[in-house]
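Report on the structure given below.
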């Protein structure tokens, strides 16, 4: 019998996540049934949507039930298997739990390819969840064309850093919005964005007027609030808005109903489309091949913000909502 | 030298159109230059967007300059021509003026086909402007599929009556929203909508819950305000919103910034796309053929609300914003 440590959701947070909302427990795992395997979790992916799953607001999957393990993207190593086609030692990634081990039938998991010379944290932190989110949101909804201007908020985060680089690959003029000089320097100097706006130090609207005087073709929207408003007001005719997230609102107790820009959407003939990465699941293979190809060709670099220790998951996830992470936020539960 | 009567915009309306904002003047028309023709205007199309053109708000064409003839969709008969390919007696339709005659190079006009057994008011009031608006908005943006639920506001108006009937042709469950029992009875009994909601007598949200308990796939949006809110809150996963107009806001002095439903758009993965019929100009021939075919097959009926007399244009256009029209609103300037 395997023992594990696991975070359970014991109370729905009201506003910011508070001590006692989640509880780290020790428990026994059941023996493997036919068709199951035991996964030693190596990385837990912490994502803005985790806060949504903790709430009972309207959302795109069932909320995590009270008393249940906290849901998360994870990757890990199979250490015992009674599932055909899944071998010990295999690295699997998909939907899992805030835990150090889990027993699963793997219905929501798939093998993570190993890329030569690429650490597991980078391949997991690029090919899983954030990479497909960036890829389908930008390419399918954003429809970037060479010479167009793309603005991406949360630019140094897990999704944003990839969106901007795919934008450059597609010939766009790419402007990132991020908090702090270090993140802005990173996306310009390391990732090749054309410019970055430090929303903590600059007026975003004035900076956009300076950096994109002709307006914005694509707003890859991740944050909502005043930053979204500044970008929306500068959209060009026939602009596109892949609506990926609204992180600035996720801790609101009663979310403000933000302005709709309806007249502007009509007059400038904008397209706004909300999406969730799993909508594109049938095309994950296409996406994985493209992302891996760009990574191996040196066209796609990503940064992970790795925090060791399952016990730190709650403190770490809260960093997402204050911009405390720098790159894709991962909890390292076990050595890769 | 031809004399004409023409409405000029002398002052931008503040709120509702007021006496003195437009002025009916008598003036001489210039002689025809090479490449021009003289059109006797038969029908002037009065459309919600006219109020936008009178203002200097952000819009999709230049506002009508102060002192200039009021712009409108028109159709008329060529009574003199110095333009190659345009013959006397030809019926032309396109962008013109609130006037009884006009001299034009016809750059924004094209011949209006004559349909056997169809009065000019019906062919003009269907094939021009409103028909293409309904056709492209519903088919290209709405992407209707058999069995889906379509809601159209301003259902007995010029565009709405056509949207609902194309929806039926495409196999949708069609719910119209209109003001008053007569309009509701018309769209159900005469046009074959599945149901109609009288927004002046019923709670729209409660009626939608009853008529579309499974939710709404397509919201053909024309009005904004509380009716839009009631529909948006009931959209289904992957719903589409062709954003055609926001008539409830056009007379606002300082338009209220209406709620954006951003969280709902994200969670339900909605697509909202603003459009103007001229965006689809390269495909007007395709649309004209389809609309004419449906009309001749008896699948598309339309009603015109014809008001005689150029002098009544201002009083008539104001009816649009209070729901005083019933069908496509036209001014009859001369006998067809």
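Residue numbers (the working numbering), protein chains in the order written: chain D, 180 to 515; chain F, 180 to 515. Just so you know, even glycine gets a beta-carbon here, dropped at the ideal spot from N, CA and C.
Can you tell which of the options has the C-alpha that lies nearest to the C-alpha of residue i?
i, options, result
"residue 264 (chain F)", "F:315, F:185, F:513 and F:288", "F:288"
"residue 292 (chain F)", "F:248, F:489, F:401 and F:302", "F:302"
"residue 499 (chain D)", "D:187, D:231 and D:374", "D:231"
"residue 259 (chain F)", "F:284, F:468 and F:238", "F:284"
"residue 344 (chain D)", "D:424, D:473 and D:182", "D:473"
"residue 251 (chain F)", "F:236, F:274, F:238 and F:266", "F:274"
"residue 233 (chain F)", "F:506, F:290, F:493 and F:509", "F:493"
"residue 182 (chain F)", "F:411, F:471 and F:206", "F:206"
"residue 427 (chain F)", "D:436, D:429 and D:442", "D:442"
"residue 357 (chain D)", "D:374, D:458 and D:485", "D:374"
"residue 371 (chain D)", "D:360, D:393, D:341 and D:389", "D:341"
"residue 378 (chain D)", "D:496, D:242, D:359 and D:389", "D:359"
"residue 313 (chain D)", "D:467, D:296 and D:450", "D:467"
"residue 202 (chain D)", "D:491, D:236 and D:270", "D:491"
"residue 282 (chain D)", "D:229, D:223 and D:217", "D:217"
"residue 460 (chain D)", "D:197, D:504, D:308 and D:430", "D:308"
"residue 444 (chain F)", "F:482, F:410 and F:464", "F:410"
"residue 489 (chain D)", "D:199, D:214, D:224 and D:368", "D:224"
"residue 502 (chain F)", "F:512, F:484 and F:237", "F:484"
"residue 198 (chain F)", "F:186, F:209 and F:362", "F:186"
Out of curiosity, what's the CA-to-CA distance linking residue i and residue j?
i, j, result
"residue 180 (chain F)", "residue 261 (chain F)", "15 Å"
"residue 204 (chain F)", "residue 454 (chain D)", "54 Å"
"residue 276 (chain F)", "residue 221 (chain F)", "12 Å"
"residue 440 (chain D)", "residue 414 (chain D)", "11 Å"
"residue 318 (chain D)", "residue 335 (chain D)", "19 Å"
"residue 268 (chain D)", "residue 514 (chain D)", "14 Å"
"residue 424 (chain F)", "residue 239 (chain F)", "12 Å"
"residue 184 (chain D)", "residue 508 (chain D)", "20 Å"
"residue 315 (chain F)", "residue 304 (chain D)", "42 Å"
"residue 324 (chain F)", "residue 470 (chain F)", "19 Å"
"residue 408 (chain D)", "residue 435 (chain D)", "13 Å"
"residue 456 (chain D)", "residue 245 (chain D)", "25 Å"
"residue 337 (chain D)", "residue 366 (chain D)", "12 Å"
"residue 226 (chain F)", "residue 339 (chain F)", "12 Å"
"residue 452 (chain F)", "residue 247 (chain D)", "40 Å"
"residue 389 (chain F)", "residue 376 (chain F)", "11 Å"
"residue 350 (chain F)", "residue 322 (chain F)", "12 Å"
"residue 320 (chain D)", "residue 448 (chain F)", "11 Å"
"residue 482 (chain D)", "residue 242 (chain D)", "29 Å"
"residue 393 (chain F)", "residue 355 (chain F)", "16 Å"
"residue 306 (chain D)", "residue 364 (chain D)", "24 Å"
"residue 512 (chain F)", "residue 279 (chain F)", "6 Å"
"residue 253 (chain D)", "residue 219 (chain D)", "10 Å"
"residue 290 (chain D)", "residue 463 (chain D)", "12 Å"
"residue 497 (chain F)", "residue 387 (chain F)", "29 Å"
"residue 271 (chain D)", "residue 300 (chain D)", "13 Å"
Starting from residue i, follow the alpha helix (DSSP H) in both directions and report where the run begins and ends.
i, result
"residue 229 (chain D)", "228-233"
"residue 388 (chain D)", "383-390"
"residue 360 (chain F)", "360-364"
"residue 300 (chain D)", "299-306"
"residue 339 (chain F)", "337-348"
"residue 311 (chain D)", "309-315"
"residue 180 (chain D)", "That residue, residue 180 (chain D), is in no alpha helix (DSSP H); it is neither H nor E in DSSP."
"residue 406 (chain D)", "404-411"
"residue 481 (chain D)", "That residue, residue 481 (chain D), is in no alpha helix (DSSP H); it is neither H nor E in DSSP."
Going by DSSP, what residue range makes up the beta strand (DSSP E) through residue i?
i, result
"residue 496 (chain F)", "Unbroken run through residue 496 (chain F) is the alpha helix (DSSP H), 492-498; no beta strand (DSSP E)."
"residue 425 (chain D)", "Counting along the chain, residue 425 (chain D) falls outside any beta strand (DSSP E), and DSSP gives it neither H nor E."
"residue 329 (chain D)", "328-332"
"residue 274 (chain D)", "270-276"
"residue 511 (chain D)", "507-511"
"residue 283 (chain F)", "280-283"
| said: If the cut-off is 8 Å on Cβ atoms, which residues from the stretch 441-474 of chain F count as contacting chain D, listed in chain order? | reply: 441, 442, 443, 444, 445, 446, 447, 448, 449, 450, 451, 452, 453, 454, 455 and 458
| query | Counting Cβ pairs closer than 8 Å, one from the stretch 375-382 of chain D and one from the stretch 418-430 of chain D, do we hit at least three? | reply | no
| query | Listed from N- to C-terminal order along the chain, which residues in the stretch 221-247 of chain D have their beta-carbon within a distance smaller than 9 Å of any beta-carbon of chain F? | reply | 231, 236, 237, 238 and 239
| field | Residues of the stretch 314-332 of chain F with Cβ closer than 7 Å to any Cβ of chain D, in chain order | value | none
| said: Between the stretch 403-411 of chain D and the stretch 183-203 of chain F, can you find at least three pairs of beta-carbon atoms closer than 8 Å? | reply: no
| Given 8 Å as the limit, is there contact between the stretch 346-363 of chain D and the stretch 383-399 of chain D, that is, 3 or more CB pairs closer than that? | Because the criterion of three Cβ pairs below 8 Å is met, the stretch 346-363 of chain D and the stretch 383-399 of chain D touch.
| task | Decide if the stretch 315-332 of chain D is in contact with the stretch 478-496 of chain D; the criterion is three or more beta carbon pairs, one per stretch, under 8 Å apart. | result | Taking a cut-off of 8 Å for Cβ pairs, the stretch 315-332 of chain D and the stretch 478-496 of chain D do not touch, as fewer than three such pairs fall below it.
| task | Return the residues of the stretch 189-216 of chain F that lie within a Cβ-Cβ distance of less than 8 Å from chain D, sorted by chain order. | result | none
| request: Could you list the residues in the stretch 425-437 of chain D with a C-beta less than 8 Å from some C-beta on chain F, going in chain order? | output: 425, 428, 434, 436 and 437
| field | Proximal residues, the stretch 391-407 of chain F versus chain D, C-beta separation under 9 Å | value | Listed by position along the chain: 400, 403 and 407.
| field | Cβ-based contacts, 9 Å cut-off: residues of the stretch 331-349 of chain D near chain F | value | none
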